[in-house]
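Residue 1325 in my numbering is what sits at position 7 of the sequence shown, and the numbering runs on without skipping anything. Just so you know, even glycine gets a beta-carbon here, dropped at the ideal spot from N, CA and C. Report on the structure given below.
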Amino acid sequence: MRSDPVQAKVLQLTDVPAQSLGTRVDFLVEEGQPLSLAQAQALQRDGSFHQGEHPTLNFGIGARPVWVHLELINPSDKPVAMRLLAGVTWIDQLDAFVVQTDRIAAHWQTGDARADGDGLAPALGYSLPLSFGVGRSDLFLRVASIDPMVLPVELLSEKMFSERQRRMGYIYGFIYGFLAALCAYNLLLFAGLGERSYLYYSLYLISFIAANLAYSGHGLAWLWPGQVLFQRYVILVLMVVFGASGLLFASRFLALAEHAPRALKRVRWFCGLGLGAMGLCLLAGSQLGAALVAFSFLSLFSVGMILLGVLAVRKGWELGRYFLAAALFGALGAALTTLAVWGWLPFTASTYHAVEAGVIIEATLLALALAYQMRYHQRISLRAEQLARLDPLTELHNRRAFLELAGMTWSLAERGDRPLSLIMIDIDHFKQINDQHGHEAGDRVLVEFARLLDRQKRAGDILARWGGEEFILMLPETDLAHATALAERLRLSLSTSPLPLRHGNVVLAASFGVAERTRQSRLEDLIGAADIQLYQAKKQGRNRVSSTCSISVLRQSSG
1319 MRSDPVQAKV
1329 LQLTDVPAQS
1339 LGTRVDFLVE
1349 EGQPLSLAQA
1359 QALQRDGSFH
1369 QGEHPTLNFG
1379 IGARPVWVHL
1389 ELINPSDKPV
1399 AMRLLAGVTW
1409 IDQLDAFVVQ
1419 TDRIAAHWQT
1429 GDARADGDGL
1439 APALGYSLPL
1449 SFGVGRSDLF
1459 LRVASIDPMV
1469 LPVELLSEKM
1479 FSERQRRMGY
1489 IYGFIYGFLA
1499 ALCAYNLLLF
1509 AGLGERSYLY
1519 YSLYLISFIA
1529 ANLAYSGHGL
1539 AWLWPGQVLF
1549 QRYVILVLMV
1559 VFGASGLLFA
1569 SRFLALAEHA
1579 PRALKRVRWF
1589 CGLGLGAMGL
1599 CLLAGSQLGA
1609 ALVAFSFLSL
1619 FSVGMILLGV
1629 LAVRKGWELG
1639 RYFLAAALFG
1649 ALGAALTTLA
1659 VWGWLPFTAS
1669 TYHAVEAGVI
1679 IEATLLALAL
1689 AYQMRYHQRI
1699 SLRAEQLARL
1709 DPLTELHNRR
1719 AFLELAGMTW
1729 SLAERGDRPL
1739 SLIMIDIDHF
1749 KQINDQHGHE
1759 AGDRVLVEFA
1769 RLLDRQKRAG
1779 DILARWGGEE
1789 FILMLPETDL
1799 AHATALAERL
1809 RLSLSTSPLP
1819 LRHGNVVLAA
1829 SFGVAERTRQ
1839 SRLEDLIGAA
1849 DIQLYQAKKQ
1859 GRNRVSSTCS
1869 ISVLRQSSG
C-alpha cells in the first residue's frame, strides 16, 4: 500500500467524522530496524510519511510494521476525552502515543501478542481511552502483525463507543444464539435418527462459532485470556477446520460416496492437504505460513462449495438446488470477508461481517434442506412400507396387509358382538385364459377383476389379493344374508362386463365362498369356513355363490 508523500489534513476534535479516519492519516512502513517514536516523528516532519487513500488501511499478510500519524486540534479551552478504536482483534502489537508540545502525554501498549495487553473490545478492535489537551496533539500508532494487518482508526465519544458495543453485543448474541439452537436441534435429530448429515451439519456450525469467537476477539477476552501462543494460531487453525467441516458436511449431504466418488476423493484430498499444510506450519512455528495456508484454503473452500452445488444441480440430485442456493450465500459471504481481510477488497463493515450474514442465510437454507431431506426419506420409507403391503400387480392389499387390517376389524366386532362376514373369490378357468391368450392377458384379467371388486366394495370393507387368482373380501357390520347378496351381485356383474383382449372379448366368471363370524370362532376359522364354501362352489360347477349359516355347524359336519 503506497501513496505520495503528502501531509495529511489536521483533524479538529470538534468535528470528528463517525467513520474510519484512514484518509485523514499519514503512514510509514518500516523498511529496516524498528523505529523509535523520535525517529518516526523526525521522518514524519521530513515528509517521509504517505497519506492514506482509503478509510481503512490494509497492508495484507506478513506486512512490515507500520507507523500511523494523525494530527489533531482541540480548539476548546479544556481537554477533550475520546475513545481511540484502532485495529482489529487479531493485531499482534499496537503501540499508541499521544504527543503534546514535544512530550509524550500518554503511551499505551496492547495487542494479542502481549499477555498484559489492555483495551480489547470484542468484535470492535482495541479501545484506548485518550485525553487531548488544548491546542495541537499528535497521535502516533505503531502496528505490527504477521496476520492480515487491517487498521481501521476511529475516534469516538464514550457515548458512541458504548452504543457501538451494545449494538455489536445484540448482533453477536443473535448470531451465536441462532446457530447454537440450530446446532442443538440437529444434534438431537442425529441422536434420534442416527443420520450422520445432522451430525456433520452440527460440526460445521460448531466450527464456525469457534472460528468466529476466535477472530472476533470474544475467545481471547472470555475463554483464553493471556494465552499468547494459543491465540497466535487458533484463528488460522479454526479457519481450516471450518472449511474442512463444511466440505465434510457437503459430501455427506450430497451423498458423494454414492453419486460422485471421484468428487469425494478430490474433496478428501483437498481437506487433507489443507489440514496437513497447517500441521506442518504449526510444527515449524511459522505464523506467516499458517496465515497463507488458512486464507488460501478458505478462499478455495468457497469456490469448492459452489462447484459441488453446481455439480448437484447438473446431475439432477434431489437436494441440489437447496444446497447450491445455500452454498452461494455462504461462499459469497466467506469470500467477501476473506478477500477484504486479506486486502484484495475494500475493508468495510459490510465486507468484514459478510461471512456472518452469509452463514446465517446459509444455515437457514440448509436447515430447510435438511427438513426437506427428512420429509423426503419419510415419504420414501412410507412408500416402501406401502409397497410391502400392496400386491404389485393389482395394487390391492396383499395377504400380510389383509391379516393386519382384518385382525383389528375382527377384534372390534368381537368386543361389540357385531356381525362380520367374509367372501373368498376365485376366477374360474383362469389357467385357460393364460394358456389361450398369454400371461400378459392373464395379468390384465387380474387387474381388471381387482378394479371391479374395488368399485363394488364399500368404504369400510377390506379387499385383498389372497394369492394367484384368489381374492378375499371382509365385510364389517354385514350378516351372512347381505354378504351372500353382495357376492351374487358381484358374480352377475362379471357376466355383463366383457373384457377386451388382443384375440377378442373374454367374459369372466368366478366362484364365491361366503361365511359369517360366530361367537365361538376365530379369524382363522372364518377364513377357513369361507375357503370351504369356495371349494363347494367350484365342486358344484363354478360360477356360483356358496354360503354357510355358521362355522360351528361346519365343524360338526366335518367331524
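Is it the case that the Cβ atoms of E1788 and M1742 are separated by a distance below 9 angstroms? yes
According to DSSP, what are the bridge partners of F1496? Paired residue(s): none; F1496 is not in a bridge.
V1334 versus R1454 - alpha carbon distance: 15 angstroms
Judging by CA-CA distance, which residue of R1835, T1814, L1770 is the nearest neighbour of A1801? Residue R1835 is the option with its Cα nearest to A1801.
P1466: buried (16+ other C-beta within 10 angstroms of its C-beta) or exposed? buried
Determine which residues share a DSSP beta bridge with H1715 and list them. L1708, A1782
Assess, as a yes-or-no matter, whether the region 1584-1598 is touched by the region 1532-1549 under the definition of 3 or more beta carbon pairs within less than 8 angstroms. No contact exists between the region 1532-1549 and the region 1584-1598.
Since T1374 and V1468 are thought to touch, with beta carbons under 8 angstroms apart, how far apart are those beta carbons, to the nearest angstrom? 7 angstroms
Which class does W1426 belong to by DSSP, given the choice of helix, strand or coil? strand
How long is the line joining the alpha carbons of L1517 and P1447, rounded to whole angstroms? 45 angstroms
Quick one, are the C-beta atoms of L1565 and L1626 less than 9 angstroms apart? yes
Would you call the CB atoms of L1474 and R1484 closer than 9 angstroms? no
Please classify N1823 as buried or exposed, where buried requires at least 16 neighbouring CB atoms within 10 angstroms. Result: exposed.
Verify whether the separation of the beta carbon atoms of A1672 and A1652 is less than 9 angstroms. yes
Which runs of the alpha helix (DSSP H), 4 residues or longer, sit entirely within the region 1526-1603? Counting whole runs of 4 or more residues, the region 1526-1603 contains the alpha helix (DSSP H) stretches 1546-1571, 1574-1577, 1579-1602.
Within a Cβ cutoff of 7 angstroms, which residues of the same chain sit near A1675, ignoring the five residues on either side of it in sequence? Within the same chain, Cβ atoms closer than 7 angstroms to the Cβ of A1675 are found at G1651, the five residues on either side in sequence being excluded.
Can you grab the Cα-Cα spacing for the pair L1266 / R1460, in whole Å? Since the first and last residues shown for the chain are 1319 and 1877, residue 1266 lies out of range.
Using a 10 Å radius around the Cβ and a threshold of 16 neighbouring Cβ atoms, would you call G1603 buried or exposed? exposed
Using the C-alpha atoms, what's the distance from Y1694 back to L1708? 21 angstroms
What three-state label does DSSP hand Q1337 in the structure shown? coil
Can you grab the Cα-Cα spacing for the pair A1336 / A1573, in whole Å? It is roughly 50 angstroms from the alpha-carbon of A1336 to the alpha-carbon of A1573.
Beta strand (DSSP E) runs wholly inside the region 1404-1488, at least 3 long, in chain order: Counting only runs that start and end inside the region 1404-1488, the beta strand (DSSP E) elements of at least 3 residues fall at 1411-1418, 1421-1428, 1443-1450, 1453-1462, 1471-1474.
Per the DSSP calculation, F1345 is bridged to which residue(s)? H1368, V1386
Between the Cα of L1402 and the Cα atoms of A1685, A1439, A1724, G1786, which residue gives the shortest distance? A1439
What does the alpha-carbon distance come out to for the pair P1818 and G1778? 31 angstroms
Buried or exposed for H1757, going by 16 or more other Cβ atoms inside 10 Å? Exposed.
Below-9 angstroms beta-carbon distance, G1607 vs any chain C residue: Included in the structure is just one protein chain, with no chain C present.
V1558 vs V1631 beta-carbon contact at 9 angstroms: no
Alpha-carbon to alpha-carbon, F1415 and I1422: 7 angstroms
If you drop the 5 nearest sequence neighbours on each side, which residues of the same chain put their C-beta closer than 6 angstroms to that of K1856? Excluding positions up to five away in sequence, the list reads S1829.
Start and end residues, alpha helix (DSSP H) containing N1823: Counting along the chain, N1823 falls outside any alpha helix (DSSP H), though it belongs to the beta strand (DSSP E) covering 1822-1824.
Beta-carbon proximity list for A1581, same chain, < 6 angstroms, skipping 5 on both sides: L1574
Excluding the 5 residues preceding and the 5 following H1848 in the sequence, name in chain order all residues of the same chain whose CB lies nearer than 8 angstroms to its CB. Contrary to the premise, residue 1848 reads as Ala rather than His in this sequence. Hits under 8 angstroms: L1740, I1741, M1742, I1790, G1831, V1832, A1833.
DSSP three-state label for S1865, please. strand
Touching by the beta-carbon criterion (3+ pairs, under 8 angstroms), the region 1708-1718 and the region 1779-1786: With a cut-off of 8 angstroms, the region 1779-1786 and the region 1708-1718 count as touching, because enough Cβ pairs lie within range.
Assuming the contact rule is C-beta atoms closer than 8 angstroms, A1462 and P1397 should be a hit. Round their C-beta distance to whole Å, please. With 8 angstroms as the limit, A1462 and P1397 do not qualify as a contact, their Cβ atoms being about 30 angstroms apart.
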